[in-house]
Amino acid sequence: MVDIVQLEKNLEASLTQLKQKFRLSAVKSEFEAEGASFRDLVRLRRWTARQDIALHLKIGGMEAIRDIKDALDLGVDGLIAPMVESPFGVTKFTEAVGSVFSGRDVYKSINIETRTAVLHIDNILNEAKGKVENVTIGRTDLSNSYFDEEIKPDCEFITNLIRKISDKVHAVGLTLTVGGSITAKSINRFKENRESLEGRIASVETRKIILPIESFLEKEHALEEALRFEELYLRAKLETEKFLSQADQDRLAKLKSRI
Numbered sequence: 000m001v002d003i004v005q006l007e008k009n010l011e012a013s014l015t016q017l018k019q020k021f022r023l024s025a026v027k028s029e030f031e032a033e034g035a036s037f038r039d040l041v042r043l044r045r046w047t048a049r050q051d052i053a054l055h056l057k058i059g060g061m062e063a064i065r066d067i068k069d070a071l072d073l074g075v076d077g078l079i080a081p082m083v084e085s086p087f088g089v090t091k092f093t094e095a096v097g098s099v100f101s102g103r104d105v106y107k108s109i110n111i112e113t114r115t116a117v118l119h120i121d122n123i124l125n126e127a128k129g130k131v132e133n134v135t136i137g138r139t140d141l142s143n144s145y146f147d148e149e150i151k152p153d154c155e156f157i158t159n160l161i162r163k164i165s166d167k168v169h170a171v172g173l174t175l176t177v178g179g180s181i182t183a184k185s186i187n188r189f190k191e192n193r194e195s196l197e198g199r200i201a202s203v204e205t206r207k208i209i210l211p212i213e214s215f216l217e218k219e220h221a222l223e224e225a226l227r228f229e230e231l232y233l234r235a236k237l238e239t240e241k242f243l244s245q246a247d248q249d250r251l252a253k254l255k256s257r258i
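Now the structure itself:
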């Protein structure tokens, strides 16, 4: 069996590198698309807390009370609402968070990731102003929501949409994060459009890591290190689950031997 302790040491070293060299903003996990378990979140919270790194959780729905309660118990620093498509969605999210956190400080972000959300973006942002801190554009789902094979996360159409939305987000005083299928091509696309996006996009996120956009644009190997952390995380997760299930397997073998 792989040495789990060594895997965790490598993972924590990766976090240190991301924090010190690339100005890591937060580590992210999801009850939504990723389907993280409570145990997964406990481990992430332990690793991030040791280095005073923020942990953000994408909940399973705008009003996912159970997820929000788990987030409170875990002491997460931020909550992300998936697939907000209307001003009412913003209200449902912020009211749900307020009902659980009861005035406690927590960073709030909403995801814009569908064609419908783009159509209602002005009303969504007017409702979000003063209630949340950040808007995240999820390029993968946004691209897919157009049902057009020519529209991909790195295409000019999506880049233009990001540019237009970024102006609106900036105008209401919120920060903007961009994520979804981030590759070397994506970073080059941001560099090509740096002049028009300067001061508009605050952060770029992979599945697990949120970094300031400047780290991706100005520092070599930022994307590689972000993806390396995810690889280490997945390996540690799989090995831990294998280790924890071994006791059950041993017990099952004993039971079978008694029959």
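Every letter in the sequence shown is one number past the one before it in numbering that gives the first Met the number 0, and letter 23, counting from 1, is 22.
Yeah, the Cβ is synthetic: ideal placement off N, Cα and C, and Gly gets one too.
These numbers come from a predicted model, not from an experiment.
Item: Could you check the C-alpha separation between I111 and H169 for me, to the nearest Å?; Value: 15 Å
Item: Output the distance between the C-alpha atoms of H55 and V203, rounded to the nearest integer angstrom.; Value: 14 Å
Item: When we look at the beta-carbon of G88 and count the other beta-carbons within 10 Å, is it buried (16 or more) or exposed?; Value: buried
Item: Taking DSSP's pairing of strands, which residues face S28 in a bridge?; Value: L56
Item: Per DSSP, which one or two residues make a beta bridge with Y106?; Value: G77
Item: For a quick check, are the C-beta atoms of K253 and Y232 less than 8 Å apart?; Value: no
Item: For N187, name the three-state secondary structure that DSSP assigns.; Value: helix
Item: Could you tell me which uninterrupted beta strand (DSSP E) segments, each at least 3 residues in length, are contained entirely in the segment 96-171, listed from first to last along the chain?; Value: 106-111, 133-137
Item: Going by DSSP, what residues sit across from S214 in a beta bridge?; Value: In the DSSP output, where bridge partners are listed per residue, S214 has none listed.
Item: Using 10 angstroms around the beta-carbon of E230, count the other beta-carbons present and answer buried if the total reaches 16, otherwise exposed.; Value: exposed
Item: Measure the C-alpha to C-alpha separation of Q19 and P86 and round it to an integer number of angstroms.; Value: 38 Å
Item: Which stretch, first to last residue, makes up the beta strand (DSSP E) that contains E194?; Value: It is not in any beta strand (DSSP E) - E194 instead sits in the alpha helix (DSSP H) that spans 193-196.
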